[in-house]
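Chemist: The structure is given below, and queries will be raised subsequently.
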Amino acid sequence: VVIIDFESEYSKKKIEELNDKFETDIDFYNLDLSKKDKINNFCKYILDKYQKIDILINCAALVGTSGLEGWAEPFENQSSEAFDLCMDVNVKAPILLIQGLIKGFKKFLFKDTFFIGGYLTITSGIQFVNAMILFVLEG
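Going by our numbering, the sequence shown wraps up at 139, each residue one higher than the last.
Following this line, the structure appears as structure tokens:
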């Protein structure tokens with residue numbers, strides 16, 4: 001399991017809890033999903049390190065609780081910079097991750113494999129996060 005996020009004490013604590021609970025060793029990567037070059041470098045690193053990729057779950061997004069100035073504000077106060085950052089993280093990053101990692105999905109699959117992208121809402125307490133899940137299915 002590989003998790004990417006901004007590095008924080010909260011992230012580190014949650015990773016440790018998951019590692020302890022499931023007796024595993026989760027790989028954590030600090031990655032700015034608004035930077036195309038960082039995403040591309042991450043994808044190359046992952047493809048070099050792992051034999052294959054089974055599934056990609058993307059649940060990183062700027063939402064109303066992100067605290068970004070110019071984002072979750074009345075329309076007349078929203079900024080184009082915040083909108084651009086939202087498009088980079090919420091829309092471009094999942095596309096770049098899928099494109100960058102697609103060789104890992106195809107590596108051990110049959111030629112009739114196809115991909116279906118779907119959206120899912122995950123609830124955690126009172127927080128709501130939009131998630132995109134990439135399912136890998138054999139045709």
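Here a beta-carbon is modelled for each residue, glycine too, at the ideal position from N, C-alpha and C.
Which residue's Cα is closest to the Cα of ILE3: ALA60, LEU62 and ASP27?
Modeler: Cα-wise, what sits closest to ILE3 is ASP27.
Chemist: For LEU62, which residues of its own chain have a beta-carbon under 7 Å away from its beta-carbon, when the five flanking residues on both sides are left out?
Modeler: Excluding positions up to five away in sequence, the list reads LEU68, TRP71, LEU85, CYS86, VAL89 and ASN90.
Chemist: Return the first residue and the last residue of the beta strand (DSSP E) that LEU56 is part of.
Modeler: Taken as a continuous stretch (DSSP letters only), the beta strand (DSSP E) holding LEU56 covers 56-58.
Chemist: Just the C-alpha distance for ASP37 and LEU31, rounded to the nearest angstrom, thanks.
Modeler: Looking at the two C-alpha atoms, the distance is approximately 11 Å.
Chemist: Thinking C-alpha only, which one of LYS103, SER11, LEU33 and LYS106 is nearest ALA60?
Modeler: That would be LEU33, whose Cα lies nearest to the Cα of ALA60.
Chemist: Out of LEU97, SER80, GLU16 and GLU7, which one is the CA nearest neighbour of LEU56?
Modeler: It is LEU97 whose Cα lies nearest to the Cα of LEU56.
Chemist: If we ignore side chains and look at the alpha-carbon of each, how far apart do ASN19 and VAL1 end up?
Modeler: If I take the Cα positions, the gap works out to 10 Å.
Chemist: Return helix, strand or coil for TYR29, following the three-state DSSP convention.
Modeler: DSSP places TYR29 in strand when its eight states are reduced to three.
Chemist: Taking just the CA atoms, how far does SER11 sit from LYS21?
Modeler: So the alpha carbons of these two residues sit roughly 15 Å apart.
Chemist: Where do the N-terminal and C-terminal ends of the alpha helix (DSSP H) with ASP88 fall, by residue?
Modeler: Neither: ASP88 is in no alpha helix (DSSP H) and is coded neither H nor E.
Chemist: When we look at the beta-carbon of PHE83 and count the other beta-carbons within 10 Å, is it buried (16 or more) or exposed?
Modeler: Exposed, because fewer than 16 other Cβ atoms sit within 10 Å of the Cβ of PHE83.
Chemist: With distances taken from CA atoms, which of SER66, ILE15 and ILE39 is nearest GLN99?
Modeler: Per the Cα distances, ILE39.
Chemist: When you compare only the Cα positions, how much space is there between GLU17 and ASP5?
Modeler: Spanning the two alpha carbons is a distance of roughly 16 Å.
Chemist: Going by alpha carbons, who is nearest to LYS103 out of LYS44, SER66 and LYS13?
Modeler: When each option's Cα is compared against that of LYS103, the closest is LYS44.
Chemist: Which one of ILE53, ASP48 and LYS35 has the shortest CA to CA distance from LYS106?
Modeler: Nearest of ILE53, ASP48 and LYS35 to LYS106, Cα basis: ILE53.
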